[in-house]
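A.B. asks:
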């Protein structure tokens, strides 16, 4: 019987004559241990750690055991005999050289086997574990695991692999001639891996497999369908490729890595969808925003109310009258919800539709509609109102989402509760409650009001045991007192008290007029006696439980809470006082000094981050804080509520019922409402303070990134007006690392690096001086070779001031000695100080290792220092990658109160505004990777879309038209509209030397949607200049070039008259912007760079701030030397401190030589008397009178509600006086070991002396 083949469309498995599977792995029986040793394969020990496929198949294992030893020996003998008969390659070669006819060569061309497999794997996308059947490439689980752990042996694609498994195939193919045998050895032209593909042989083999199919039918099938092998492989590729790719990513990388690199399925989806990326991220949490007109009107009304109420800290005190148009808020919502337009696009290209929203609250000047805007360069704007509206839009959508979810939950819960109750009265009461709850939920306009509604629902419909099946375990829960009273039936007693909580709320909110309240004829005790039970045995207990229920219901009624909240938030006050620990710890310069004694400060007067300090001091148990309603307001609140809640009855029972009502309201107010309001007030103060602090944090970043790059001097400007300066950056080093100079070209790329270990030496040693001189010569040559436009020196300590003098000396020597070698740019070469805080973050970031591989840390720091001078925006954006190192940049002393998400949200907001107003040169960035950093902040993009676009741009190299973003780089229409006008296409980078046409309008802020308008304007000005019509096809291009070269023509155009003649007055803002861009495209609107002021240099070099170094501050100083009447000290920051003799002690006149009192190394506690910033030194005082003085204290406390208690001041002074007197009486304790030694005071010593005079024994008394 011949060999059968079990074949399906995915797998093939050869079987022997008995139907047993043949293990073709390496052409041997898996039980043949001897053969394994002979073949010498690299095998691992089967120790049970790796699970084999064969071990998983117990049936196969049993079948293999049935083979007898005799059969195995026969098979082994047969194979060894055949191997002995086969000649080696060299033997055949020798026979051929002697003209001996060799009828059939042995198939020993085994090198090509693996290459053949690799070829199929690459060509069809199949991995090694999918090769099976005739390809003989199936791998076991062991090999799969080996490959996963140790990788493929890619370095040796043509490795010698014994191919004994091919013996069966060779026997079948024995009738093939010499030509077919050599096919494996001959490398064909299409064989890129050096292994030919034996398609003919595979076809012949397959045809023999189909034993049950006639040859004619098989031929007909092949004529119709073609090569079945290729079809099977293509099908397999289609089925498995995407799954295998996904499996490989998940196998090779941790989920956090995939998420960080934006390689998850969600990231792919965001990249693909044609909606701005940041908008997609937001909608992921808020849901798709509603687009119907009614929803937009409702939302715009809410947002307008929030803005004018001051809930968002947009306006400074003097500018609260800034008007915001509600209709323009509706337009903004329509542009974002319907048209999916991003804020930068709206602010730039939809100005006419939302002018009131574009005003900057920080700028006092309001745009004058009659002012000729082309005469003045615009300033970069932070569109805070638009960002505030977007933030409120997000809050509104989240609020509606929560309300919708709660409503669904309430309906389900109410249905469950209704099925459990059979009392008709209770059902009707629940129905009324449920309807009121749904109404309150619909009317809720804030998270707090929704919380109120939720609290009421959970009170009346608590989560019960509905849905718990019999036999299931359930967690024991605490039952509230209200629940206990309710189950006891006391809810009926509550209904007897008069107005329900809901009715009281309606009266307080003026939704209804008060009705005459009728009191029950029976007394409360008489009525309560009808409801006694085992749990409430007396009428008094029943009334107490019912009063508790009524108080809780009042405290959970949304309308009641809203009324009390309004009064509380408007009138509540905050007071602080120090604890015993606080009195000791908080001095005049402590962080909490300004909040140590606050007296009844209203909540509305907390405008900055002061509350956050109070909160922190309270947590540290340094302050006691009280938030309360003033007594007058509290009494007025009680009076108003009692007038509505109590009856006007005069009978005895009516008075008794009123007493019960008073107790109820008092319990509700003091037991529930006021504590709840205090908690809300604290939360509100914290929220306001964080909003203010967040804005201050953003302002700190804005002040840094809204500054333009260093401007080259006019005589430095050559052909390329916008080229950044060549910068030489210098970072001081202590020796290891050495002081380092890095030269950057105008694109920020490193040209050269110089290390100088001896440049800053101050030693007078001859060798040191020679080494210093050598370094000076090296720096001189470095600067002469590279001709920098500016030198930036990292300011980190006082050594930098001396280093700056050294560099100036080198420059002077260079200009003086080698005037011919020095260009005119070097005549007035400036050395500016740079802040190293951001470069140090870059030095330790992951992105620096990617951009500057192999460079040392100090070189990376110097590169960042120089690049920050060339392009501050790009350098800051560089640290906004996956690592978000920018969050470590200190921008505000109180930023620790903000979360990382809050800080990064503000950073993103600021960088989006700045990046889009500055623009991004894509051709320049394509040649210099670090300039791509701001791309993620372009309108419509984000880190995912930007990364994809960056790869596409780098692959192409250059771009010559904005249209290419739509056709070549995969922009969708919406993303294209949002982003395109902020991407500059100009002759820079690799495109600088290209002759390909680039539209001048592509290097302007003019949006492609306005190109026709711009061309029309230029054409009209051009025709007016030539006094005639030009119908040439190139007239438009000529017109744009004409007005660009002659800006005076556009400046002299009276644009208002022009717009009136065209009937386009409604596009006034757009035409002004177009005219400005036609005059100069992408003019830099940022503030010009200014060299650091004296104060800024002082604080950079000292590492101090105004808060940490000021007059009156107590500091530690170490004496370095004493000279005559002064002592020279050093502070911890490295600043020099001077103590004059008259400032050392109050009795300074008695001091002959200061060196008698002070010595080198002494550590003194002093106060700062004055600061000389230009000399980097401070004058100190340490005499007792000044140390006790509080004359600097008043400057620190400017809060009008700061009132220190006089009793505290007096007690502190008295305590200090007593401690001083006590210290004078006591002498220092000494370690004296003597049986007669006593450590006593002076008074006690005198008394002892008197007694010893009468004593006969000899005594000695020592006095110190």
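In the UniProt record's numbering, the protein residues as written are 1 to 1264. The beta carbon of each residue, even a glycine, is placed where N, CA and C say it ideally should be. None of the values given here were measured: they were computed from a predicted structure.
State yes or no: is the C-beta of residue 950 within less than 8 Å of the C-beta of residue 724?
C.D. replies: Result no, Cβ atoms of residue 950 and residue 724 do not sit closer than 8 Å.
A.B. asks: Roughly how many whole angstroms lie between the Cα atoms of residue 773 and residue 988?
C.D. replies: Roughly 42 Å between the two C-alpha positions.
A.B. asks: I'd like to check one pair, residue 558 with residue 639: are the Cβ atoms closer than 8 Å?
C.D. replies: No, the pair does not count as a contact, with Cβ atoms beyond the cut-off.
A.B. asks: Starting from the N-terminal side, write out each stretch of the beta strand (DSSP E) that is 3 residues or longer and does not extend beyond the region 721 to 770.
C.D. replies: With a minimum length of 3 residues, the continuous beta strand (DSSP E) runs that stay inside the region 721 to 770 are 727 to 731, 739 to 744 and 750 to 756.
A.B. asks: Compare the beta carbon distance of residue 1074 and residue 795 with 8 Å and say whether it is the shorter of the two.
C.D. replies: Against a cut-off of 8 Å, the Cβ pair of residue 795 and residue 1074 comes out as no contact.
A.B. asks: Let me check understanding here. Comparing Cα to Cα, which of 1171, 1150, 1128 and 419 lies closest to residue 1159?
C.D. replies: Among 1171, 1150, 1128 and 419, the Cα nearest to that of residue 1159 belongs to 1128.
A.B. asks: Could you compute how far the alpha carbon of residue 1086 sits from the alpha carbon of residue 700?
C.D. replies: Going by the C-alpha atoms only, they are around 15 Å apart.
A.B. asks: Report the residue from 333, 1151 and 1203 whose alpha carbon sits nearest the alpha carbon of residue 293.
C.D. replies: Checking every option, the nearest Cα to that of residue 293 belongs to 333.
A.B. asks: Could you pull out every residue in the same chain whose Cβ sits closer than 7 Å to the Cβ of residue 922, ignoring the five residues on either side in sequence?
C.D. replies: If we look at residue 922 and ignore the five residues flanking it on each side, its Cβ neighbours are 953, 959, 983, 984 and 985.
A.B. asks: Do the CB positions of residue 1119 and residue 1162 come within less than 8 Å of each other?
C.D. replies: Yes; because the gap between Cβ atoms is below 8 Å, this pair is in contact.
A.B. asks: DSSP on residue 415, reduced to helix/strand/coil?
C.D. replies: In the structure shown, residue 415 sits in a helix (DSSP, three-state: H, G or I).
A.B. asks: Helix or strand or just coil, what does DSSP make of residue 793?
C.D. replies: Strand, per DSSP.
A.B. asks: Based on DSSP bridge pairs, tell me the residues matched to residue 1129.
C.D. replies: Per DSSP, 1119 and 1137.
A.B. asks: Near residue 1180, which residues of its chain fall below 8 Å by C-beta distance, leaving aside the five closest residues on each side in sequence?
C.D. replies: So the qualifying residues of the chain are 1115, 1117, 1129, 1137, 1138, 1139, 1143, 1164, 1166, 1167, 1168 and 1169.
A.B. asks: Which partner residues of residue 626 appear in the DSSP bridge assignment?
C.D. replies: The partner list for residue 626 (beta bridge, DSSP) reads 575.
A.B. asks: Given this structure, state the Cα-to-Cα distance separating residue 518 from residue 658, to the nearest angstrom.
C.D. replies: Taking the straight line from one Cα to the other gives about 11 Å.
A.B. asks: Would residue 626 and residue 575 be called neighbours here (beta carbons separated by less than 8 Å)?
C.D. replies: It is a contact, given that the beta carbons lie within the stated cut-off.
A.B. asks: Compare the C-alpha of residue 834 against each of 487, 1099 and 445 and name the closest.
C.D. replies: Minimum Cα distance to residue 834 is reached at 1099.
A.B. asks: If we call anything under 8 Å between Cβ atoms a contact, is residue 497 one with residue 550?
C.D. replies: Taking 8 Å as the Cβ cut-off, residue 497 and residue 550 qualify as a contacting pair.
A.B. asks: Could you give the residue range of the alpha helix (DSSP H) that holds residue 958?
C.D. replies: Run containing residue 958: none; DSSP gives neither H nor E here.
A.B. asks: Buried or exposed: which applies to residue 1057, given that a residue is buried once 16 or more other Cβ atoms fall within 10 Å of its Cβ?
C.D. replies: It counts as exposed.
A.B. asks: What is the residue span of the alpha helix (DSSP H) that residue 1076 lies within?
C.D. replies: Note, residue 1076: alpha helix (DSSP H), 1068 to 1079.
A.B. asks: Classify residue 1166 as helix, strand or coil using the three-state DSSP reduction.
C.D. replies: In the structure shown, residue 1166 sits in a strand (DSSP, three-state: E or B).
A.B. asks: Which value, in whole angstroms, describes the spacing of the CA atoms of residue 1037 and residue 981?
C.D. replies: Going by the C-alpha atoms only, they are around 19 Å apart.
A.B. asks: Report back the beta-carbon spacing between residue 287 and residue 399 to the nearest angstrom; my notes put them in contact at under 8 Å.
C.D. replies: Not quite, the Cβ-Cβ distance comes to about 12 Å (not below 8 Å), so this is no contact.
A.B. asks: Return the first residue and the last residue of the alpha helix (DSSP H) that residue 1026 is part of.
C.D. replies: First-last of the alpha helix (DSSP H) with residue 1026: 1011 to 1026.
A.B. asks: With respect to the beta strand (DSSP E) encompassing residue 1063, which residues constitute its N-terminal and C-terminal limits?
C.D. replies: First-last for residue 1063: undefined, no H or E at that position.
A.B. asks: Exposed or buried, residue 768, counting other C-beta atoms within 10 Å across all chains shown (16 or more means buried)?
C.D. replies: Exposed.
A.B. asks: With a CB to CB cut of under 7 Å and the five nearest residues on each side skipped, what residues in its chain are close to residue 402?
C.D. replies: 450, listed in sequence order.
A.B. asks: Residues bridged to residue 984 by DSSP?
C.D. replies: Paired residue(s): 921.
A.B. asks: Leaving aside the five residues before and after residue 786 along the sequence, list all residues of the same chain whose C-beta is less than 8 Å from its C-beta, in chain order.
C.D. replies: Within the same chain, residue 786 has close Cβ partners 726, 728, 743, 751 and 752.
A.B. asks: Here's the rule I'm using: 16 or more other beta-carbon atoms within 10 Å means buried, otherwise exposed. How should residue 533 be labelled?
C.D. replies: That one is exposed.
A.B. asks: Whether or not the region 871 to 879 and the region 692 to 699 are in contact is what I'm after, with contact meaning three or more pairs of Cβ atoms, one per stretch, closer than 8 Å; do they touch?
C.D. replies: Short answer: they don't touch.
A.B. asks: Could you give the distance in angstroms between the alpha-carbon of residue 329 and the alpha-carbon of residue 1203?
C.D. replies: The straight-line gap from Cα to Cα measures roughly 45 Å.
A.B. asks: Among 528, 813 and 463, which one has its Cα closest to the Cα of residue 495?
C.D. replies: When each option's Cα is compared against that of residue 495, the closest is 528.
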